[in-house]
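Chemist: This is the structure I want to talk about, given as structure tokens.
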Amino acid sequence: MSKNEYEETVRELYPTFSQVEIAEATHTSKSTVRRVVTGLHLTRTKEEEKEIRSRIRRKLIKKERARIVFGLDQHTNIKLVTNPRKVKYRTKLKNDGYIVMRGSNTIYYTPEQKRHRHREENARKAGLDFAPWSVPAVIYKQTWLGA
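Numbering-wise (this note's numbering), the sequence shown opens with residue 23 and increments by one.
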């Protein structure tokens, strides 16, 4: 690819792709792309920049979700919810007085507690389990209060 062809390719791709993506597509380095962009005095509108950042972030979140689903460690600190229904039921049950342990799918209830059978059934469908609250069993199963 000649210099003029390369510059024309960068000029075409610059409004819709990041410099890293252009470098990958043209098999050159990021600094080469940056040097050509500066030499051609190319600029982006705020809307183009916003669209590029948004698209790259969506792609990153999709990769992070896949890592979580396959049990791998995340590469970023982005907080992702893999099962929104489960999170919703955990919160509702905690507000209803159930004992919710951090990092556990088991929700505990006390003997004197007013239970919500319908909500419990829906939470079971979302992947949560229920057990009576007994201190020795909880300590045996995991650390005290999930701390």
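Where a beta carbon is used, it is the ideal one built from N, C-alpha and C, also for glycine.
#1: Using C-beta distances below 7 Å, list every residue in its chain close to R56, excluding the 5 sequence neighbours before and after it, in chain order.
#2: If we call anything under 7 Å between Cβ atoms a contact, is R89 one with Q96?
#3: Can you list, in chain order, the residues of its chain whose CB lies under 8 Å from that of M23, leaving out five sequence neighbours each side?
#4: What's the C-alpha gap between E71 and R80?
#5: Please state whether DSSP places P106 in a helix, a strand or coil.
#6: Report the residue from V122, S51 and V59 whose alpha carbon sits nearest the alpha carbon of N172.
#7: Comparing alpha-carbon positions, which option in F39, T98 and Y28 lies nearest T50?
#8: Mind checking R112: buried by the 16 CB within 10 Å criterion, or exposed?
#9: Which runs of the alpha helix (DSSP H), 4 residues or longer, sit entirely within the stretch 73 to 153?
#10: Please classify E142 as buried or exposed, where buried requires at least 16 other C-beta atoms within 10 Å of its C-beta.
#11: For a quick check, are the C-beta atoms of T128 and A153 less than 7 Å apart?
Modeler: Let me spell this out:
#1: Q41
#2: yes
#3: T31 and T48
#4: 14 Å
#5: helix
#6: Past the boundaries of the shown model lies residue 172; the chain is included only from 23 to 169, so the question cannot be answered.
#7: Y28
#8: buried
#9: 106 to 117 and 139 to 147
#10: buried
#11: yes
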